[in-house]
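For reference, the structure is listed below as structure tokens.
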Amino acid sequence: MRMCTSGNMMCYQNRTTLISLPELSITLMKKKYVPSLQLMKSDHTSKSQKTALIIGPGGLRGAYNAGVAVGLGRALGTDWVDGVYASSVGVYMAAFFAAKQFHPIEHVWRNLVHGDQLVDITKLSQGRNWLDLEYLMQVLNQEDKNTRLDVSEVISSSVAVTFTLTRKRDGESVYVQPEEDNLFPLMTASCAVPWMHPPVKIDGERYIDGGLSDPLSVDKAFADGYDKLIVVDETPVGSLPSTYTMWWLSFLFASPLSKKVANYGHRNQSIKRQAAENNSVIFIRPKDELPMNSFMDTSEKRINATFDRGLMDAQRKSDEIKDIK
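Here it is, written out as structure tokens:
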């Protein structure tokens, strides 16, 4: 399939996409695709215990999660994982992790997202999006082993990949396992931060940032039959988004999505509290504040320092994780 942008024509060989600034519209041409709330059965039913890796959101602070994914992959490989769940920016790490492409994760985060490359409000004057996810798709599609995502490896991986999207009309979570012809559209949909990138339309339904409805898919993973969860979260212990800030942001959205945004802090806290009390959940998160100032901090130095923190924390936890199988 190919992608075409109204106004400025851009085409990608693997998909058909119509982009306009009001909303991103995607048609999947090879076959009718309907996002499903049901996770497809894993191929790992013969194992006595199933383990899932859950990678949370975080914007550019997701550099921490990327560092953890690379650290775990290099230390342990992927055989210990049966499934990976991700929302928002976490979907990129999840895909590369499942494909065992640890070097490209690091290369992209260290070199290709800082400054005005990915996030820049002046892009609007060029007919592009403030959060330029189309640029990121180009990076992951180019013929460069340092950045190219091997789609076939993601789909054929022994690690079942599940993305979380937020359905815009009601704010509900939709969980989808990608296929070869819809991997990139689904990744874009899960990362479509409102006001920074238009909603993504898939088969008539509009979707936005998956982290708004389910930042950490702990309940979903348990419901799907996983016994042990490794949860990667960039927020330091005891740190949460400001409830006051989220309440003000909620006025930018129509109901019922506005209620989801207003309650984001409380919902996030509840998920983490319940997960922390469960012996079947291992958290990997920073012990104190990360070097980055915000989720859209574009400083190359601070992004790299945050990535390094993730690497170190993964090394610290790798022995504990190694013994869970």
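In the numbering used here, the protein residues as written are 1124 to 1448. Positions of the beta carbon are idealized from the N, C-alpha and C atoms, including for glycine.
Proximity to residue 1172 across 1204, 1181, 1332 peaks at 1204, based on C-alpha coordinates.
Going by DSSP, residue 1329 is part of the beta strand (DSSP E) stretching over 1328–1331. Apart from the 5 residues on each side of it in sequence, residue 1265 sits with its Cβ closer than 7 Å to the Cβ of 1271 in its chain, given in chain order.
Here DSSP, grouped into helix, strand and coil, assigns residue 1220 to helix.
Minimum Cα-Cα distance from residue 1210 among the listed residues 1431, 1311, 1194 corresponds to 1311. Residue 1206 has 1175, 1283 as its beta-bridge partners, per DSSP.
Under the Cβ criterion (8 Å, minimum of three pairs), the region 1245–1259 does not count as touching the region 1193–1204. Around the Cβ of residue 1409, a 10 Å sphere holds 16 or more other Cβ atoms; the residue is buried.
Judged by beta-carbon spacing, residue 1287 lies beyond the 7 Å limit of residue 1331, meaning their Cβ atoms are not closer than that value. Taking all protein chains in view, the Cβ of residue 1343 is crowded by 16 or more other Cβ atoms within 10 Å, so the residue is classified as buried. According to the DSSP assignment, residue 1296 belongs to the beta strand (DSSP E) that extends over 1296–1299. Linking residue 1279 to residue 1354 through their CA atoms gives a straight-line distance of about 23 Å. Cβ neighbours of residue 1432 within its own chain (closer than 7 Å, five residues either side excluded): 1187, 1190, 1409, 1413.
Exposure of residue 1247 is indicated by the presence of fewer than 16 other C-beta atoms within 10 angstroms of its C-beta.
Here residue 1447 carries a coil assignment [DSSP, helix/strand/coil].
For residue 1228, the uninterrupted alpha helix (DSSP H) segment begins and ends at 1225–1234. Contact check for residue 1340 against residue 1178 fails: the beta carbons are separated by 7 Å or more. Here residue 1249 is exposed: its Cβ has fewer than 16 other Cβ atoms, across all protein chains shown, within 10 Å.
By the CB criterion at 7 Å, residue 1302 and residue 1222 fall outside the cutoff. When the alpha-carbon of residue 1298 is set against those of 1436, 1195, 1336, the nearest one is in 1336.
Within the DSSP secondary-structure output, residue 1439 pairs in no beta bridge. The beta carbon of residue 1263 is closer than 7 Å to those of 1270, 1271, 1272 in its chain, skipping five residues each way along the sequence.
In the same chain as residue 1224, and ignoring 5 residues on each side of it, the C-beta atoms closer than 8 Å to its own belong to 1272, 1273, 1276, in chain order. Annotated three-state conformation of residue 1352 is strand, per DSSP. For residue 1251, the number of other beta carbons within 10 angstroms of its own is at least 16, and it is reported as buried.
In terms of Cβ geometry, residue 1284 and residue 1229 do not form a close pair [threshold 7 Å]. Of the candidates 1293, 1430, 1268, 1425, 1293 places its Cα closest to the Cα of residue 1381.
Put simply, the backbone Cα of residue 1441 is about 36 Å away from that of residue 1243. Counted as a single uninterrupted DSSP element, the beta strand (DSSP E) harbouring residue 1323 occupies residues 1323–1325.
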